[in-house]
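Visitor: Per my numbering, residue 70 is the first one in the sequence shown, and the count goes up by one each step. Note that CB positions come from ideal geometry on N, CA and C, so glycine has one too. All values reported here derive from a predicted model rather than from experimental measurement.
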Amino acid sequence: MTDQSVFGEPITGEVLMTVSEYANKARMDRSVVSMHWINRDRKKDNVTEYVRSSKAEWGTGVSTLCRVYNGTGECLTFHRSHDWLGHISETYPSVIENGQWGGFLHAKPTGEAKGSEAAVVYRGKNKNGEDTDWMLCWDNPWNRLQYDNKAYAEINKAGYFDNIDWTTIESSMEGGGRQHTAK
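In structure tokens:
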């Protein structure tokens, strides 16, 4: 039964999240806190131990130990992946909540003297609350005396990577360096 002497809708946290300026501020606040707590409760150490353990179980040969931290203020969900060389040893994390690390191992093709080269795309929201795709790529070559590791990233509107020319992405990555920043 409602109190007949109380009027109007209560302004709760849920209501504020429907107002874009407050939702965006809350997202940014969550992002800032998550970046301050990047290793709270040893979570960075734990994801590092996890990928190293995955590598030990997988065995010898080229593999890429991947750690992804979500400091966006929102949830990231797995959208798609692409392999140029090799394969994921288990699965990509399907959801990485704000303030969480995701870890996975990408390994060279079985029985071949080749490297690990792939991309993964996660979907989340940008600082304005718009759906956005975040692509991370790596190239971990077999012959490290002749070739260096490469990293590449892009951030685009949701759906951008659904029909992408992966050869162009690979060329961008191979023309880059060991680190890459995307904004």
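Report all residues from its chain with a CB closer than 7 Å to the CB of residue 89; omit the five preceding and five following residues, and keep chain order.
Guide: 198
Visitor: Taking the beta strand (DSSP E) that residue 152 falls in, what are its first and last residues?
Guide: 145-154
Visitor: With distances taken Cα to Cα, identify the nearest neighbour of residue 182 among 99, 130, 238, 100.
Guide: 130
Visitor: By DSSP's criteria, residue 175 is part of a beta bridge. Which residues make up the other side?
Guide: 133, 157
Visitor: Out of 222, 230, 228, 232, point me to the one whose CA is closest to residue 246's CA.
Guide: 222
Visitor: Comparing alpha-carbon positions, which option in 205, 239, 172 lies nearest residue 120?
Guide: Among 205, 239, 172, the Cα nearest to that of residue 120 belongs to 172.
Visitor: Can you tell me whether residue 201 is helix, strand or coil according to DSSP?
Guide: strand
Visitor: Of the choices 104, 210, 229, 148, whose alpha-carbon is the least far from that of residue 167?
Guide: 104
Visitor: Determine the burial state of residue 189: buried for a count of at least 16 other Cβ atoms within 10 Å of its Cβ, exposed for fewer.
Guide: buried
Visitor: Could you check whether residue 170 and residue 192 sit closer than 9 Å to each other, using their CB atoms as the reference points?
Guide: no
Visitor: Work out the CA separation of residue 147 and residue 232 for me, nearest whole Å.
Guide: 16 Å
Visitor: Let me check one thing: in DSSP terms, what residues is residue 226 bridge-paired to?
Guide: 201
Visitor: Quick check on the DSSP output: the alpha helix (DSSP H) that includes residue 94 runs from which residue to which?
Guide: From DSSP, the alpha helix (DSSP H) with residue 94 extends over 89-105.
Visitor: Starting from the Cα of residue 179, find the closest Cα among 230, 154, 163, 73 and give me that residue.
Guide: 154
Visitor: Restricting to Cα atoms, I'd like to know which of 95, 252, 111 is closest to residue 142.
Guide: 95
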